[in-house]
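**Student:** Structure provided below as structure tokens; questions to follow.
This is the structure:
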């Protein structure tokens, strides 16, 4: 823990500065939950509230975060992994502490003295001009009419989105464009401008917001859809998009270990995520009344992927449901998101989510009467009331840590079936 502590501390300070949510000592569980969503949106990996509070020292914990957690933190900061992140920090520190010769110091002092005199003269001249000219102040008009809309330039991925806006009536210098809660996707825009563009590398339903002085003035949905199922190996802003011929296997939809190793140039898949997306309109199916069933397995060997995790994401237009599976020895690292609460394997017994991936697993997720229920191999393993739904279902993502295979998937309710795919021959 001591070896990694300085780098973890640097990471925390960088995140705090980017988020600008105030001192982390005053952050609530909701703030940590929101940060967990940000990290998931950017990296595809979940860090629970408990894990994040341990990283910030809000919960006493003597051990260092796991390698997988550190790598996720690094990817959130824009590095490939934790080793690269530390190397970048060390490089920056070295460049900031280059030695200065004694002659250089004397010359520098002389230059500073001349610069100080020049600055004083310039400042006095500026103040004289300021006092001589009339002062004009423009009062902000936060009730002014704002226009804000978005449009995609293509139907595929990656996809550039053009944001058209007009915030000139507000009489302020700038507004903020917030694309989800990801701090790397928050940008200041001049109110005199009219357009801004951004690239989306992954499918999903996003709500872009135009914000002025902390107030949301306008929202615009950005819906990046897929044409049926799409396979993606997640690598931050360098994803690998898989061809249809790669993911349609004789036994189902998936990718075998040999092909994945070639794509990654590595035979080890720890913290490498193979994801299958189906994002679009599902005939208005509501996230408060649905059943999803799928048969799947992680096909990696233990020497390829230590925990062989699977994560099912049910994406809504407002939120998501997240259900994980893993080898039995790794259930401590699992996190469930019910659409309203996180449930961590660090302080809950999630051993029922441990699997023997030697055979296919039948996973079922159901929401009815504001209650989430999860079944594994026809056995109820988890149930919990929810306080909010994901609203309309906008997509499904099944992610494997390593190689994986999906035999079938079905989505609907008692009134209709909106998806029924049988992949196995």
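Residue numbers (the working numbering): 414 to 838. No residue lacks a Cβ here, since even glycine has one placed at the ideal position from N, Cα and C. Given the structure is predicted, the values throughout are model-derived calculations rather than measurements.
Exposed or buried, residue 650, counting other C-beta atoms within 10 Å across all chains shown (16 or more means buried)?
**Tutor:** Here residue 650 corresponds to residue number 237 of the chain shown, with the count starting at 1. Per the 10 Å Cβ criterion, exposed.
**Student:** So residue 462 is in the alpha helix (DSSP H); what residue range does that whole segment cover?
**Tutor:** To locate residue 462, count along the chain shown from 1; it is residue 49. Note, residue 462: alpha helix (DSSP H), 462–468.
**Student:** Tell me the residue span of the beta strand (DSSP E) that contains residue 740.
**Tutor:** Within the chain shown, numbered from 1, the residue matching residue 740 stands at position 327. Taken as a continuous stretch (DSSP letters only), the beta strand (DSSP E) holding residue 740 covers 733–740.
**Student:** Could you tell me whether the region 733–752 touches the region 815–833, where touching means 3 or more Cβ pairs closer than 8 Å?
**Tutor:** no
**Student:** Under three-state DSSP, which class holds residue 769?
**Tutor:** Taking the first residue of the chain shown as position 1, residue 769 is located at position 356. Residue 769 falls in the coil class under three-state DSSP.
**Student:** Does residue 428 come out as helix, strand or coil in the three-state DSSP assignment?
**Tutor:** On the chain shown, position 15 is the one that residue 428 refers to. Here residue 428 sits in helix by DSSP.
**Student:** Please work out which residues of its chain come closer than 8 Å, Cβ to Cβ, to residue 728, disregarding the five sequence neighbours upstream and downstream, and give them in chain order.
**Tutor:** For this step, residue 728 is matched to residue 315 along the chain shown. Here the set comprises 617, 618, 692, 803, 806, 807, 808, 809 and 810.
**Student:** Quick check: the Cα distance between residue 553 and residue 567, rounded to an integer number of angstroms?
**Tutor:** Indexing the chain shown from 1 puts residue 553 at position 140. Indexing the chain shown from 1 puts residue 567 at position 154. If you take the alpha carbons of residue 553 and residue 567, they lie about 37 Å apart.
**Student:** Rounded to whole angstroms, what's the CA-CA distance from residue 514 to residue 505? Just pull it up for me.
**Tutor:** Counted from its first residue, the chain shown places residue 514 at position 101. Counted from its first residue, the chain shown places residue 505 at position 92. Since pLDDT at residue 514 reaches only 44, below the 50 mark, its modelled position is unreliable, and the value read off the structure follows with that caveat. Going from the Cα of residue 514 to the Cα of residue 505 covers about 20 Å.
**Student:** Residues in its own chain within less than 8 Å of residue 532 by CB, not counting five upstream and five downstream?
**Tutor:** Mapped onto the chain shown, residue 532 falls at position 119. For residue 532, the predicted model reports a pLDDT of 47, less than 50, meaning its position is unreliable and no value from the coordinates is stated.
**Student:** Could you tell me which of 599, 569, 786 and 606 sits nearest to residue 586, measuring between CA atoms?
**Tutor:** For the purposes of this step, residue 586 is taken as residue 173 along the chain shown, with counting starting at 1. Cα-wise, what sits closest to residue 586 is 606.
**Student:** Kindly identify the DSSP beta-bridge partner or partners of residue 625.
**Tutor:** Counted from its first residue, the chain shown places residue 625 at position 212. According to DSSP, which records beta bridges pairwise, residue 625 is partnered with 628.
**Student:** From residue 426 to residue 758, what does the alpha carbon distance come to, in whole angstroms?
**Tutor:** In the chain shown, residue 426 corresponds to position 13, counting from 1. In the chain shown, residue 758 corresponds to position 345, counting from 1. Their backbone Cα atoms lie some 27 Å apart in a straight line.
**Student:** Taking the alpha-carbon positions, what's the residue 588 to residue 428 distance?
**Tutor:** Working through the chain shown from its first residue, we reach residue 588 at position 175. Working through the chain shown from its first residue, we reach residue 428 at position 15. Near 21 Å, if we compare the C-alpha coordinates of residue 428 and residue 588.
**Student:** In whole angstroms, what separates the C-alpha of residue 484 from that of residue 755?
**Tutor:** Here residue 484 is taken as the residue at index 71 of the chain shown, counted from 1. Here residue 755 is taken as the residue at index 342 of the chain shown, counted from 1. Distance between the alpha carbons of residue 484 and residue 755: 21 Å.
**Student:** Which first and last residues belong to the alpha helix (DSSP H) in which residue 657 is found?
**Tutor:** Mapped onto the chain shown, residue 657 falls at position 244. Per DSSP, residue 657 belongs to the alpha helix (DSSP H) from 657–660.
**Student:** In chain order, what residues of the same chain have a beta carbon less than 6 Å from the beta carbon of residue 495, not counting five sequence neighbours either side?
**Tutor:** Residue mapping note: residue 495 aligns to position 82 of the chain shown, counting from 1. Here the set comprises 483, 484 and 487.
**Student:** Is it true that the CB of residue 461 sits closer than 8 Å to the CB of residue 449?
**Tutor:** As a working note, residue 449 is residue 36 in the chain shown. As a working note, residue 461 is residue 48 in the chain shown. Yes, the Cβ-Cβ distance between residue 449 and residue 461 is below 8 Å.
**Student:** Mind checking whether residue 647 and residue 688 have CB atoms under 8 Å apart?
**Tutor:** Working through the chain shown from its first residue, we reach residue 647 at position 234. Working through the chain shown from its first residue, we reach residue 688 at position 275. Yes, they are a contact pair.
**Student:** The alpha helix (DSSP H) that contains residue 486, what's its start and end?
**Tutor:** Translated into the one-based positions of the chain shown, residue 486 becomes position 73. From DSSP, the alpha helix (DSSP H) with residue 486 extends over 480–489.
**Student:** Would you give the residue range spanned by the beta strand (DSSP E) that residue 708 belongs to?
**Tutor:** Translated into the one-based positions of the chain shown, residue 708 becomes position 295. 703–711 is the span of the beta strand (DSSP E), which, as asked, contains residue 708.
**Student:** Do you know offhand how far residue 489's Cα is from residue 774's?
**Tutor:** Working through the chain shown from its first residue, we reach residue 489 at position 76. Working through the chain shown from its first residue, we reach residue 774 at position 361. Rounded to the nearest angstrom, the two C-alpha atoms are 31 Å apart.
**Student:** If residue 815 and residue 662 are in contact, beta carbons under 8 Å, what's the gap, nearest whole angstrom?
**Tutor:** For the purposes of this step, residue 815 is taken as residue 402 along the chain shown, with counting starting at 1. For the purposes of this step, residue 662 is taken as residue 249 along the chain shown, with counting starting at 1. Taking 8 Å as the upper bound for CB-CB distance, residue 815 and residue 662 are not in contact here, some 15 Å apart.
**Student:** Name the residue from 578, 420 and 751 whose alpha carbon lies nearest to the alpha carbon of residue 558.
**Tutor:** Along the chain shown, one-based indexing puts residue 558 at 145. That would be 578, whose Cα lies nearest to the Cα of residue 558.
**Student:** Starting from the Cα of residue 389, find the closest Cα among 638, 601 and 615 and give me that residue.
**Tutor:** In the structure as shown, the chain starts at 414 and stops at 838, and residue 389 therefore has no counterpart that could be examined.
**Student:** Assign residue 750 to buried or exposed, taking buried as 16 or more other Cβ atoms, counted over all protein chains shown, within 10 Å of its Cβ.
**Tutor:** Numbered from 1 along the chain shown, position 337 holds the residue referred to as residue 750. It counts as buried.
**Student:** Looking only at its own chain, which residues have a Cβ that is under 6 Å from the Cβ of residue 768, when we skip the five neighbours before and after it?
**Tutor:** Position 355 of the chain shown, counted from the first residue, corresponds to residue 768. Excluding residues within five positions, the ones whose Cβ falls inside 6 Å are 738 and 774.
**Student:** Helix, strand or coil for residue 459, going by three-state DSSP, please let me know.
**Tutor:** Here residue 459 corresponds to residue number 46 of the chain shown, with the count starting at 1. Here residue 459 sits in coil by DSSP.
**Student:** Is residue 720 helix, strand or coil when you go by DSSP?
**Tutor:** Taking the chain shown and counting its residues from 1, one reaches residue 720 at position 307. Reduced to three states, the DSSP call for residue 720 is coil.
**Student:** Going along the chain, which unbroken runs of the beta strand (DSSP E) with 3 or more residues stay wholly within the region 569–652?
**Tutor:** 572–579, 587–592, 599–603, 608–613, 617–625, 628–637 and 643–647
**Student:** For residue 705, which option in 732, 781 and 745 has the closest C-alpha, if you only look at C-alpha atoms?
**Tutor:** Along the chain shown, one-based indexing puts residue 705 at 292. For residue 705, the closest C-alpha among the options 732, 781 and 745 is that of 781.
**Student:** By DSSP, does residue 803 sit in helix, in strand, or in coil?
**Tutor:** For the purposes of this step, residue 803 is identified with residue 390 of the chain shown, where counting begins at 1. If DSSP states are grouped into helix, strand and coil, residue 803 belongs with coil.
**Student:** Can you find the residues in the same chain that come closer than 6 Å, C-beta to C-beta, to residue 640, ignoring five residues on each side of it along the sequence?
**Tutor:** One-based indexing of the chain shown puts residue 640 at position 227. Result list for residue 640: empty, nothing under 6 Å.
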